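A.B. asks: Chains A and B, in that order, are what the protein sequence lines are.
Just so you know, the first sequence maps onto residues 1 to 342 in the UniProt record's numbering.
Just so you know, the second sequence maps onto residues 1 to 342 in the UniProt record's numbering.
Beta carbons: idealized from backbone N, C-alpha and C, even for Gly.
Keep in mind it's a predicted model, so treat the numbers as computed, not measured.
Number of protein chains: 2
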Amino acid sequence: MNRRRSTIAEIAARAGVSIPTVSRVLNNRPDVAPATRERVERVIREAGYVRSRVANALRRGSSGIIDLVVPDLDSPYYFEIIRGVEEVLERTELRMALSTTHDESRRERQWLRQVIEGATDGAILVLAQGQSERLDELRRHRIPFVVVDHRGELGPDVPSVGATNWAGGRAATEYLLSLGHRRIAIIAGWPNLRCSQDRIAGYRAALEEAGLPIDPELIRPGEFRQQTGYDQTCALLALPQPPTAIFAGSDLQAMGVYAALRAHGLRVPDDVSVVGFDDVPIATMVSPALTTIRQPLAEMGRMATTMLLRLIAGEPLDSMRIELATSLVVRESCAPPPSPDR
Amino acid sequence: MNRRRSTIAEIAARAGVSIPTVSRVLNNRPDVAPATRERVERVIREAGYVRSRVANALRRGSSGIIDLVVPDLDSPYYFEIIRGVEEVLERTELRMALSTTHDESRRERQWLRQVIEGATDGAILVLAQGQSERLDELRRHRIPFVVVDHRGELGPDVPSVGATNWAGGRAATEYLLSLGHRRIAIIAGWPNLRCSQDRIAGYRAALEEAGLPIDPELIRPGEFRQQTGYDQTCALLALPQPPTAIFAGSDLQAMGVYAALRAHGLRVPDDVSVVGFDDVPIATMVSPALTTIRQPLAEMGRMATTMLLRLIAGEPLDSMRIELATSLVVRESCAPPPSPDR
């Protein structure tokens, strides 16, 4: 096919850039100026260029399929990751095969069998709980894989992408402290999850730095779901001295916090401030819009896919474990605490 | 493989039901009692049964892939459909290849080429706009397909699944009328979409039946997005006689309605009632929880997949065009209009 005749050198010449620059664009590296990236991508589009290593793989008898497996399809959270994977794959000739395991070992075995028998070029796994068995099986069948390990459970020897949970926990707490809050509650995931431990550690670090005591009553574990946010908020409001700010472990939990506060006749942020975690689309849709710690889920999906394409091409990874930065996104759900004399 | 030796007759015997009942369960027919369905499904799981027609297809050299193409991955709406497709496929040996077109013809051509060259057993298309060219191309390559045609644009000769938009438009309006509202606004999609036309027709029918005039000022078109809900609500509130109830064209639009009302110091439902359309998960997460017209998106995905599996197996469809019922889901966002003497 004509489209395969384009080469990186031709593209570099047409775009007026160096060959390494074209490579950087193809590999989704950050160190390319936006205008340059756009010019190169336009030339690629116009020339109908197909990544040569992928084209090579197709000639070698590649399946043309990348497998993405997620625990479930019931949260905006997973969809953000899926979107990121898709954004990278749509620039290739590869299709995404999407599967869910529902955390059932039967489904996991079925998926492994499909992937191994049905042929795949590589797999991206969003882990529910530590499932090292599955990873061993993929290794044994020489299937390249990368893990989106948002929970931080894996060691540095597994190709994985995570987020800086500790820094996120600290940033949320520091922000609430800066507004004047002193009674700050944190709703987290279950204590056995690394991401929960890390966020709570960040929360504690910020409080300790401010010279404030840690009140174990204000640290509430649970599921990353709306119901947990609701139930734990009710429990927090029943304390002799309720918190003036609640830092939720997910935006979905924060929606439960909103509902519980509303049920108690309390207003956000006038009476109680709320911070979420994740920054899924719902955060901008609710009123007041949710201030949250952005976990770059789509970027994590993109990064994992870029790493997997390198592994498939037999290229070395710069690092096996990458953590993307979380960041505070200020919207409308936080304010100074109500004055005590109201 | 051992798992392939199980037959429908064996399953029927083990579950203590008739062979047609097992078939009905396998084909996801509604006419099976829930307890019976569960018993049959448990036997199927325990026996490791694989749908024989799919197993046959695999032996015939099937690709093992069903393609699902959606316009975008930016809405909970598409994710509900994806979830439905996955729920049916996870009971088969087929994997789902998920692609997006972003409404770009370049991406559509790329997808078609991938599907045709890369092998597929069949395709489910969620149409953005009428794209009959693509359907012709699939026909030419003898690729079975079903369209999830939520916008109602296709004729009865294309295998498709839709929803009853007219009935949904009427049900929402009748509900608001029953609460005592007389100034009811509708925010819809663009007027060229069949689904918009149908919902507005349902809205008009309800008003006319109640002997109320149609005020063109209260019919506001736009995108199915939050921003449209926000902008059109601001426009409605600027009318000399603003509406006391707003029926939004999507739950995302309704989120924009909520935000605009809040920005104007108006409460839902005390000052203005709001009804959404779709019933995506966000409807239960906001406060007040959104009363909405449920469009059974996951069921539409399931139904399309079941139809496609029949087409792949060479079985006839009961009907080429199926419309699933919409239904009113009452939550907290509607109340009688405020009394005029307040």
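Which parts of the segment 180-225 of chain B are runs of the beta strand (DSSP E), unbroken and 3 residues or longer, counting only runs that do not cross its ends?
C.D. replies: 184-187
A.B. asks: Tell me which residues share the same chain as B/C334 and place their Cβ nearer than 8 Å to its Cβ, disregarding the 5 neighbours each side in the sequence.
C.D. replies: To locate residue 334 of chain B, count along the second sequence from 1; it is residue 334. Within the same chain, B/C334 has close Cβ partners Y175, L176, L179, A245, P269, S273, V274, V275 and T291.
A.B. asks: Starting from B/R294, find everything on chain A with Cβ-Cβ shorter than 8 Å and list it in chain order.
C.D. replies: Against the second sequence, residue 294 of chain B aligns to sequence position 294. By Cβ distance, chain A contributes nothing, its closest Cβ being about 17 Å from B/R294, past 8 Å.
A.B. asks: Specify the secondary structure class of B/L239 as computed by DSSP and reduced to three states.
C.D. replies: Mapped onto the second sequence, residue 239 of chain B falls at position 239. Correct three-state label for B/L239: coil.
A.B. asks: Please specify which runs of the beta strand (DSSP E), each continuous and at least 3 residues long, are wholly inside the segment 240-318 of chain B, giving them in chain order.
C.D. replies: 245-247, 273-278 and 291-294
A.B. asks: Name the chain A residues whose beta carbon is nearer than 7 Å to that of B/S287?
C.D. replies: As a first step, residue 287 of chain B is located in the second sequence; it is residue number 287 there, counting from the start. Residues of chain A passing the Cβ test: Y258, A259 and R262.
A.B. asks: Below 8 Å on the Cβ atoms is my contact criterion, and I expect A/D279 with A/V329 to pass it. Report the Cβ-Cβ distance as a whole number of Å.
C.D. replies: Residue 279 of chain A sits at position 279 when you count from the first residue of the first sequence. Residue 329 of chain A sits at position 329 when you count from the first residue of the first sequence. About 6 Å; that satisfies the 8 Å criterion.
A.B. asks: Taking the alpha carbon of A/L98 as the point to measure from, which residue in A/M303, A/P216 and A/I82 has its own alpha carbon closest?
C.D. replies: Here residue 98 of chain A is taken as the residue at index 98 of the first sequence, counted from 1. Ranking A/M303, A/P216 and A/I82 by Cα distance to A/L98 puts A/I82 first.
A.B. asks: Taking DSSP as the reference, what is the three-state secondary structure of A/L112?
C.D. replies: Counting from 1 along the first sequence, the entry for residue 112 of chain A is found at position 112. Helix.
A.B. asks: Between which residues of its own chain and B/Y230 is the CB-CB distance below 6 Å, once the five residues before and five after are set aside?
C.D. replies: Working through the second sequence from its first residue, we reach residue 230 of chain B at position 230. Taken in chain order, the residues that qualify are G256, A259 and A260.
A.B. asks: By the DSSP assignment, the alpha helix (DSSP H) with B/L94 in it spans what residues?
C.D. replies: If you number the second sequence from 1, residue 94 of chain B lands on position 94. Run containing B/L94: none; DSSP gives neither H nor E here.
A.B. asks: Here's the rule I'm using: 16 or more other beta-carbon atoms within 10 Å means buried, otherwise exposed. How should A/P191 be labelled?
C.D. replies: To locate residue 191 of chain A, count along the first sequence from 1; it is residue 191. When all chains shown are included, A/P191 counts as exposed.
A.B. asks: So which residues on chain B does A/F79 lean against when the C-beta distance must stay under 7 Å?
C.D. replies: On the first sequence, residue 79 of chain A is found 79 positions in, with the first residue counted as 1. Result: L73 and F79.
A.B. asks: Start and end of the alpha helix (DSSP H) containing A/S178?
C.D. replies: Position 178 of the first sequence, counted from the start, is the residue given in the question as residue 178 of chain A. Here the alpha helix (DSSP H) through A/S178 covers N165 to S178.
A.B. asks: Tell me the residue span of the beta strand (DSSP E) that contains A/L125.
C.D. replies: Translated into positions along the first sequence, residue 125 of chain A becomes position 125. Taken as a continuous stretch (DSSP letters only), the beta strand (DSSP E) holding A/L125 covers G122 to V126.
A.B. asks: Inspect the CB distances between the segment 307-318 of chain B and the segment 234-252 of chain B and report whether three or more fall short of 8 Å.
C.D. replies: no
A.B. asks: Pull up the DSSP beta-bridge partners for B/I322, would you.
C.D. replies: As a working note, residue 322 of chain B is residue 322 in the second sequence. Looking at the DSSP assignment, B/I322 forms a beta bridge with B/V161.
A.B. asks: Less than 7 Å between the CB of A/I184 and some heavy atom of the ligand COA, yes or no?
C.D. replies: Here there are no bound small molecules, and the ligand COA is not part of this structure.
A.B. asks: Determine the closest residue to A/D271 out of A/Q226, A/A167, A/S327 and A/H181, with distance taken between C-alpha atoms.
C.D. replies: By one-based count along the first sequence, residue 271 of chain A stands at place 271. It is A/H181 whose Cα lies nearest to the Cα of A/D271.
A.B. asks: Mind pulling the chain A residues with CB within less than 9 Å of B/I82?
C.D. replies: Walking along the second sequence from the start, residue 82 of chain B turns up at place 82. In chain order: L73, F79, I82 and L98.
A.B. asks: Answer with buried or exposed for A/Q227, where buried requires no fewer than 16 other C-beta atoms within 10 angstroms of its C-beta.
C.D. replies: Against the first sequence, residue 227 of chain A aligns to sequence position 227. Burial check for A/Q227: the Cβ neighbour count within 10 Å stays below 16, so the residue is exposed.
A.B. asks: Tell me, which residues are paired with A/L154 by DSSP?
C.D. replies: Here residue 154 of chain A refers to the residue found at position 154 of the first sequence. According to DSSP, A/L154 bridges with nothing at all.
A.B. asks: Kindly identify the DSSP beta-bridge partner or partners of A/S327.
C.D. replies: Here residue 327 of chain A refers to the residue found at position 327 when the first sequence is read from its first residue. Answer by DSSP bridge pairing, in chain order: A/R294.
A.B. asks: If you run the structure through DSSP and keep just helix, strand and coil, what is B/S6?
C.D. replies: For the purposes of this step, residue 6 of chain B is taken as residue 6 along the second sequence, with counting starting at 1. Here B/S6 scores only 43 on pLDDT, less than 50, and its place in the model should not be relied on; the value that follows carries that caveat. Reduced to three states, the DSSP call for B/S6 is coil.
A.B. asks: In three-state DSSP terms, what is B/C65?
C.D. replies: Here residue 65 of chain B is taken as the residue at index 65 of the second sequence, counted from 1. A quick correction: the sequence has Ile, not Cys, at residue 65 of chain B. Three-state result, B/I65: strand.
A.B. asks: Is it buried or exposed for A/G249, if we count other Cβ within 10 angstroms and need 16 for buried?
C.D. replies: As a working mapping, residue 249 of chain A is identified with position 249 in the first sequence. Label assigned to A/G249: buried.
A.B. asks: Below 9 Å between beta carbons is the criterion; list the residues of the segment 302-327 of chain B that meet it against any residue of chain A, in chain order.
C.D. replies: none
A.B. asks: Which residues in chain B sit within 8 Å of A/N122, going by Cβ to Cβ distance?
C.D. replies: Mapped onto the first sequence, residue 122 of chain A falls at position 122. Checking the sequence, you will find Gly at residue 122 of chain A rather than Asn. Within 8 Å Cβ-Cβ: nothing; A/G122 doesn't reach chain B, min ~14 Å.
A.B. asks: Rounded to whole angstroms, what is the Cα-Cα separation between A/V22 and A/D215?
C.D. replies: As a first step, residue 22 of chain A must be located in the first sequence, where it is residue number 22. As a first step, residue 215 of chain A must be located in the first sequence, where it is residue number 215. Near 54 Å, if we compare the C-alpha coordinates of A/D215 and A/V22.
A.B. asks: Can you check DSSP and say which residues form a bridge with A/F145?
C.D. replies: In the first sequence, the residue the question calls residue 145 of chain A occupies position 145. Per DSSP, A/A123.
A.B. asks: Straight-line CA distance for B/R342 to A/A283?
C.D. replies: Numbered from 1 along the second sequence, position 342 holds the residue referred to as residue 342 of chain B. Numbered from 1 along the first sequence, position 283 holds the residue referred to as residue 283 of chain A. Caution applies to B/R342, whose pLDDT of 49 falls short of 50 and renders its modelled position unreliable; the value that the coordinates give is listed next. Distance between the alpha carbons of B/R342 and A/A283 is about 34 Å.
A.B. asks: Tell me, please, whether the CB atom of B/R204 is closer than 8 Å to any CB atom in chain A?
C.D. replies: Against the second sequence, residue 204 of chain B aligns to sequence position 204. The beta carbon of B/R204 does not come within 8 Å of any beta carbon belonging to chain A, so the residue lies off that interface.
A.B. asks: Whose C-alpha, out of B/A33, B/V43 and B/A35, is nearest the C-alpha of B/R14?
C.D. replies: One-based indexing of the second sequence puts residue 14 of chain B at position 14. Nearest C-alpha to B/R14: B/V43.
A.B. asks: For B/G118, go through chain A and note every residue whose CB falls closer than 7 Å to its CB, in chain order.
C.D. replies: Here residue 118 of chain B refers to the residue found at position 118 of the second sequence. By Cβ distance, chain A contributes G64 and R95.
A.B. asks: Which term fits A/A325, buried or exposed, when burial requires 16 or more other beta carbons within 10 angstroms of its beta carbon?
C.D. replies: Here residue 325 of chain A refers to the residue found at position 325 when the first sequence is read from its first residue. A/A325 comes out exposed.
A.B. asks: Return the Cβ separation of B/L317 and B/P156 in integer angstroms, given the expectation that the two are a contact with Cβ distance under 8 Å.
C.D. replies: Here residue 317 of chain B is taken as the residue at index 317 of the second sequence, counted from 1. Here residue 156 of chain B is taken as the residue at index 156 of the second sequence, counted from 1. Between B/L317 and B/P156, the beta carbon gap of about 12 Å keeps them out of contact (Cβ cut-off 8 Å).
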